[in-house]
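Engineer:
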Amino acid sequence: MTDTLIDRRDLEFQLYEVMNTEALTERERFSEHSKDTFDAVIETADKMAKEKFANHNSAADKDEPRFVNGQVEMLPDVKQAFDAYAEAGFLAGRYDYDLGGMQLPESVMAACNGFFTAANPGTAGYPFLTTAAANLIRVFGNDEQKEKFLPNMLSGRYSGTMALTEPHAGSSLADIRTSATPTDDGHYLIKGAKIYISGGEQSITENIVHMVLAKIKGAPAGVKGISLFIVPKFHVDENGNPGERNGVSLAGLIHKLGYRGTTSTALSFGDDAPCHGYLVGEPHQGLKYMFQMMNEARIGVGFGAAVIGYRGYMHSLEYAKDRLQGRKASEKNPESPQVPIIDHADVRRMLLAQKAYSEGGLALCLYGARLMDDQHTHPDEQKRMEAGKLLDLLTPVIKAWPSEYGPKANDLAIQVYGGAGYTREYPVEQCWRDNRLNPIHEGTNGIQALDLLGRKIWQDQSHGLQLLMQEMQTDLQAATTDRCQQWALSLSETLQQAVKVTQSLGKSLMGGEVDKTLANASCYLHLFGHIIVAWMWLRQANAAANALASANSDSERNFYQGKLQAAQYFFHWELPTVAQDLVLLRNQDDTCLNMKADWF
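In terms of UniProt numbering, the sequence shown opens at residue 1 and continues consecutively.
1) Along the chain, where does the alpha helix (DSSP H) containing THR263 start, and where does it finish?
2) So, at 8 Å on beta carbons, what are the nonlocal neighbours of ARG436 in its own chain, with the 5 sequence-adjacent residues on each side left out?
3) Would SER249 and ILE204 be called neighbours here (beta carbons separated by less than 8 Å)?
4) CA-CA distance, THR481 and ARG539?
5) Where does GLN588 fall in DSSP's three states?
6) Using 8 Å as the threshold, is the segment 88–99 in touch with the segment 296–304, meaning 3 or more CB pairs across them?
7) Within 10 angstroms of its Cβ, does ARG455 collect 16 or more other Cβ (buried), or is it exposed?
8) Please list, in chain order, all residues of the same chain as MET66 whose beta carbon is under 8 Å from its beta carbon, the five residues on each side excluded.
9) If I follow the unbroken alpha helix (DSSP H) through SER336, where does it start and stop?
10) Could you tell me if GLU201 is buried or exposed, where buried requires 16 or more neighbouring beta carbons within 10 angstroms of its beta carbon?
11) Between the segment 214–228 and the segment 78–92, do three or more beta carbon pairs fall short of 8 Å?
12) If we count Cβ pairs, one from each stretch, closer than 8 Å, do we get three or more for the segment 269–276 versus the segment 130–142?
13) So that I know if they touch, is there some Cβ in chain B lying closer than 8 Å to that of TYR313?
14) Decide if GLU404 is buried, meaning its Cβ has at least 16 other Cβ atoms within 10 Å, or exposed.
15) Tell me the start and end of each unbroken beta strand (DSSP E) in the UniProt domain "Acyl-CoA oxidase/dehydrogenase middle" (162–270) that is at least 3 residues and wholly inside, in chain order.
16) Who are the Cβ neighbours of ALA123 in its own chain at under 6 Å, not counting the five residues just before and after it?
17) To which residues does DSSP link PHE67 through a beta bridge?
18) Can you tell me which of the three DSSP states PRO379 falls into?
19) Tell me whether HIS344 sits in a helix, a strand or coil according to DSSP, three-state version.
20) Could you please give me the residues that DSSP links to GLY309 through a beta bridge?
21) Please confirm whether VAL212 and ILE190 have their CB atoms less than 8 Å apart.
22) Do the segment 569–587 and the segment 523–542 make contact, defined as three or more Cβ pairs closer than 8 Å?
23) For TYR16 and LEU527, what's the separation of their Cα atoms in angstroms?
24) Evaluate contact between the segment 490–498 and the segment 551–570, counting only Cβ atoms and requiring at least three cross-stretch pairs below 8 Å.
25) Can you check which of these residues, LEU104, GLY156, GLU64 and THR44, is closest to PHE116 by C-alpha distance?
26) Rounding to the nearest angstrom, what Cα-Cα distance links LEU164 and ALA543 in this structure?
27) Does the contact criterion of 3 or more C-beta pairs under 8 Å hold for the segment 312–330 versus the segment 423–433?
28) Count the other CB atoms within 10 Å of the CB of LEU476; is the residue buried (16 or more) or exposed (fewer)?
29) Per the DSSP calculation, TYR158 is bridged to which residue(s)?
30) Is the segment 370–387 touching the segment 318–330, taking contact as three or more C-beta pairs under 8 Å?
31) Measuring only the C-alpha atoms, how far is PHE229 from LYS215?
32) Counting Cβ pairs closer than 8 Å, one from the segment 355–374 and one from the segment 390–405, do we hit at least three?
33) When the Cα of ARG29 is compared with those of ASP39, ASP61, GLY101 and GLY368, which residue comes out closest?
34) Pull up the CB-CB distance for ILE197 and LEU91, whole angstroms please, since I reckon it's below 8 Å.
35) Excluding the 5 residues preceding and the 5 following SER58 in the sequence, name in chain order all residues of the same chain whose CB lies nearer than 8 Å to its CB.
36) Exposed or buried, which one is ARG424 when buried takes at least 16 other CB atoms within 10 Å?
Spelled out as structure tokens, the structure:
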């Protein structure tokens, strides 16, 4: 079986030929870096992911964490991988030099983390959550909180989680009941229960730093009354060292379809002992703060979905090249040699779809990472602001599109393997199981659809949408070859129809028809997402077409031709599927809205 996690040639193409990541070295924050240092850290990530993460992916899936005498027992390989990741500097990779970081661009860190998630999503979940929690403390925590927690989290001594969901309130955070009572000692007493907390208990780190949403007594109703607290598993002294156990206890482990290497926990706060929590920022502003971590996590979920889809694609591609079966339809001699199944057109269809989904999803997520770089480091203040607006608009798509089409790619990988793909002796069934979580967590795709159509499109008088149209126009005009011009025309025509539908939906929302308009939000997300990914493929096609003329080897020509053919697949097979969305949205179809619960 292949050990390729992400095609390095594809990653190089996307980072340098499409996005010009090397230009980031001209910015002050990254001035000590070069393309060579970027490539070196990517090489390290690829190698470590194969050696330390992929080596126990299957074992951690089969021998998932166990709840024994109130503690979690798990494979020692998981801690070894986490420690290696931390020691190599990846936990602090994006952070300042004075925090022990490498000041790497988000674009490069995202590429690096892609290898770890592709290799082992379960183990990769722990550092992913830790860096996101640490970043929340870095931005919103006070000096004492930063001093106590950041160094230990970025060194790997402590891990982090986000504790939002409660048994009675899934995505409806307005209904959370976890309470926080102030004390005279400067901390709060936290009381309540959280569920589906990834990494909420484990045997990897000395301490776990939970970022917990709770309501202070007397707080305003709904989301306006939510505050954010740091709740460590163990109390921490003034030097940042763990001491006695805090009142956080493991109520149980949740057994999942996939992603089994990451513990999913039910936690209780304040049941067996007083649970101390430390307010982050201002009271009642917790959801605003947590949205930083949630949005960061949503982009990470989309990236994870893309690379897990990619990993399955790499496996099925190798299998299709090696597996001999049947003959071409035109071959009438039954004694002629069998051919590799990749010679059959329908297998190529499934591989092309996987290529389109995986490489298109990867392009989308890398573009999101680049927007994060521009938002924080672009020398032009106006460009920083515009990048932030674009990222805010696209976050629901970056989360939802890969998490819908990554599992579809994995489903096709199973089909390429045939009966073998449905067995646990081959890796693609685990890819699908692991990836199936991604349309659910960090806000289901249905919630992303509501967020996009109900809020993000209209923010700041649709300024983000206007910026997006400008960005797309640049690449539409850059399509100069005959093939790319045809695809640009197709995208432009679809975009014009989408704009008209969007305007119509906006009028309906303004007119108070909220439920009716948002009833088909998932159609709008599909329409919008496919347009964005078609744009990503046009960007890749433009770069490939321009490079093809000067390609000086068969391997390079094959690579660029493969990009162009995958772009053709997306424009011929995928983009036309939005026609149905346009019809349903244009008519504001009421089929789902008017179905009654009693009719089922």
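The C-beta atom is built at its ideal place from N, Cα and C for all residues, glycine as well.
Structural biologist: A quick look at the data gives this:
1) Within the sequence shown, the letter at position 263 stands for residue 263. Segment: none, THR263 is in no alpha helix (DSSP H) and carries neither H nor E.
2) Indexing the sequence shown from 1 puts residue 436 at position 436. LEU257, GLY258 and PRO407, listed in sequence order.
3) Translated into positions along the sequence shown, residue 249 becomes position 249. Translated into positions along the sequence shown, residue 204 becomes position 204. The answer is no: Cβ separation not under 8 Å.
4) Numbered from 1 along the sequence shown, position 481 holds the residue referred to as residue 481. Numbered from 1 along the sequence shown, position 539 holds the residue referred to as residue 539. Each residue's Cα considered, the two are about 13 Å apart.
5) As a first step, residue 588 must be located in the sequence shown, where it is residue number 588. In this structure, GLN588 counts as coil in the three-state DSSP scheme.
6) no
7) As a working mapping, residue 455 is identified with position 455 in the sequence shown. Exposed, since its Cβ has fewer than 16 Cβ neighbours within 10 Å.
8) Your numbering for residue 66 matches position 66 in the sequence shown. Note that residue 66 is Arg in the sequence shown here, rather than Met. Answer for ARG66: VAL72, GLU73, MET74 and LEU253, listed in chain order.
9) Your numbering for residue 336 matches position 336 in the sequence shown. Careful: SER336 lies outside any alpha helix (DSSP H) and carries neither H nor E.
10) The residue labelled residue 201 in the question sits at position 201 within the sequence shown. With 16 or more other Cβ atoms within 10 Å, it is buried.
11) no
12) no
13) Looking at the structure shown, chain B is missing, and only one protein chain is on hand.
14) Translated into positions along the sequence shown, residue 404 becomes position 404. Under this definition GLU404 is a buried residue.
15) 179–182, 188–198, 207–216, 226–232, 234–236, 242–245, 248–253 and 264–269
16) By 1-based counting over the sequence shown, the position of residue 123 is 123. Here the sequence assigns Thr to residue 123, which means Ala is not the residue at that position. Only PHE53, VAL78, ALA81 and GLY261 meet the Cβ criterion.
17) Taking the first residue of the sequence shown as 1, we reach residue 67 at position 67. VAL72.
18) Position 379 of the sequence shown, counted from the start, is the residue given in the question as residue 379. Coil, per DSSP.
19) If you number the sequence shown from 1, residue 344 lands on position 344. Three-state result, HIS344: coil.
20) Taking the sequence shown and counting its residues from 1, one reaches residue 309 at position 309. In the DSSP output, where bridge partners are listed per residue, GLY309 has none listed.
21) Numbered from 1 along the sequence shown, position 212 holds the residue referred to as residue 212. Numbered from 1 along the sequence shown, position 190 holds the residue referred to as residue 190. Yes, Cβ-Cβ distance for VAL212 and ILE190 is below 8 Å.
22) yes
23) Within the sequence shown, the letter at position 16 stands for residue 16. Within the sequence shown, the letter at position 527 stands for residue 527. Near 29 Å, if we compare the C-alpha coordinates of LEU527 and TYR16.
24) no
25) As a position in the sequence shown, residue 116 is number 116, starting the count at 1. Among LEU104, GLY156, GLU64 and THR44, the Cα nearest to that of PHE116 belongs to THR44.
26) Taking the first residue of the sequence shown as 1, we reach residue 164 at position 164. Taking the first residue of the sequence shown as 1, we reach residue 543 at position 543. Cα-Cα distance, rounded: 42 Å.
27) yes
28) The residue given as residue 476 occupies position 476 in the sequence shown. Counting Cβ neighbours within 10 Å, LEU476 comes out buried, since at least 16 surround it.
29) Residue mapping note: residue 158 aligns to position 158 of the sequence shown, counting from 1. Looking at the DSSP assignment, TYR158 forms a beta bridge with ASN207.
30) no
31) Locating residue 229 in the sequence shown gives position 229, counting from the first residue. Locating residue 215 in the sequence shown gives position 215, counting from the first residue. So the two alpha carbons sit approximately 10 Å from each other.
32) yes
33) Counting from one through the sequence shown, the residue named residue 29 turns up at place 29. Ranking ASP39, ASP61, GLY101 and GLY368 by Cα distance to ARG29 puts GLY101 first.
34) To locate residue 197, count along the sequence shown from 1; it is residue 197. To locate residue 91, count along the sequence shown from 1; it is residue 91. So it is not a contact: roughly 20 Å between Cβ atoms.
35) Here residue 58 is taken as the residue at index 58 of the sequence shown, counted from 1. PRO427 and GLN430, listed in sequence order.
36) Within the sequence shown, residue 424 is the residue found at index 424, counting from 1. Under this definition ARG424 is an exposed residue.
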